[in-house]
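In what follows, a single structure is set out as structure tokens and then discussed.
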Amino acid sequence: MRPMFELYLPIPHLWIIYGAIVLVVEMVIGFAIEISRGILALSHLSNVLPIKGPTRNWGSASAFIAGLITAFLYPFYGAPMTSCHTQATYLSKPKVKALAHALVWWGFVFAAISTTLGFIYDEWVSSGVPGLVAFIPGGKLGPTGPYAVIGTGAIGGVLIVIGFILMMVTRWQDTRSVSESAITDFFLWTAFFVALSGFGIMGVELTIPTNYYALATAFGVHIFLVAMMFATMPWTKFGHAIYMYIWQLYDKYRTWKGAEPRLLGPWSGELAEKALESRVPSHPKRHG
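With the numbering used here applied, the sequence shown closes on residue 1149, and no number is skipped along the way.
Written out as structure tokens, the structure reads:
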């Protein structure tokens, strides 16, 4: 009898492992290039917005550890919750967009937990179906394993879809058409289709569980979209989920060690506008 939650793939298990290794190497190279560009850019930021702030004369090790802890905790209180949008005066609905941002962020967190649990604890079994391999999601965790993997993935998918819809609705009501492309769109649309493909797997599993090739196709599409999202991560808006930690660590380390901070924030819209007006020669208000 076919075990509950058994899924199928049209490629061998080892291909998944090798593909993940190649993907990680590609991401590391991409982030190394992009982060090096960002860190170099920070050294010139004071020419535009020289930010002053309280400093502490801590040792290098203490400042680094404190910065590392602060950077890790930042998603729980910083930009993913409010500051990326509430500080932007050009947005007509900053609270709604901040909520959408938070939903997409935490949706990805739950989806990442699901993917990590599955990658480590999936139980690969003999499928008995020619050309397909089978596995039980989270099977190595025991009877509750599949529920943990599928449940966290479902929560993440729901949050991503709701956040995506909120972003598109507020854009439609704002100054930009939904059909008009933006720098964040590739990641948003990819995350949206990753979530939908995940629900597609659940739909096939619940409606036609014995159609093994349909299950394999659905899961293959999902894996392809996930791989594409991560492969392009260093060059899309998705990358700031990593850059944020680097920049926060850089800022806190320099501040607490006693050096002048070089990062933006936290700013109110009025304060940022005044700083730009006073420091940028081409600012419109200087020629009004």
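We put the beta carbon where it would ideally sit given N, CA and C, even for glycine.
Counting only residues of its own chain and dropping the five nearest sequence neighbours on each side, A995 has a CB closer than 6 Å to the CB of E867, Y869, V986, S988.
According to the DSSP assignment, E1066 belongs to no beta strand (DSSP E) but to the alpha helix (DSSP H) extending over 1046-1068. Note on L1067: under 16 other CB atoms within 10 angstroms of its CB, so exposed under the neighbour-count rule.
Judged by DSSP secondary structure, L1002 falls outside any beta strand (DSSP E); it is assigned neither H nor E. Look at V990 here: in three-state DSSP terms it is coil, with no helix or strand label. Beta-carbon to beta-carbon, L964 and L1020 are separated by about 5 Å, close enough to satisfy the 8 Å threshold. Inter-residue distance for T976 and V1010 is about 7 Å (C-alpha atoms, whole angstroms). For L978 and K1001, the gap between their C-alpha atoms comes out near 10 Å.
Per DSSP, M1094 lies in no alpha helix (DSSP H) and is assigned neither H nor E. Taking the Cα positions, V957 is about 23 Å away from V1055. Burial check for F933: the Cβ neighbour count within 10 Å stays below 16, so the residue is exposed. When rounded, the separation of the alpha-carbon atoms in M1090 and T1051 is 6 Å.
Taking all protein chains shown into account, H874 has fewer than 16 neighbouring C-beta atoms within 10 Å of its C-beta and is therefore exposed.
Closest by C-alpha distance to I894, out of S921, G1100, Y1111, A1075, is G1100. Taking the CA atoms as reference points, F969 sits about 25 Å from S897.
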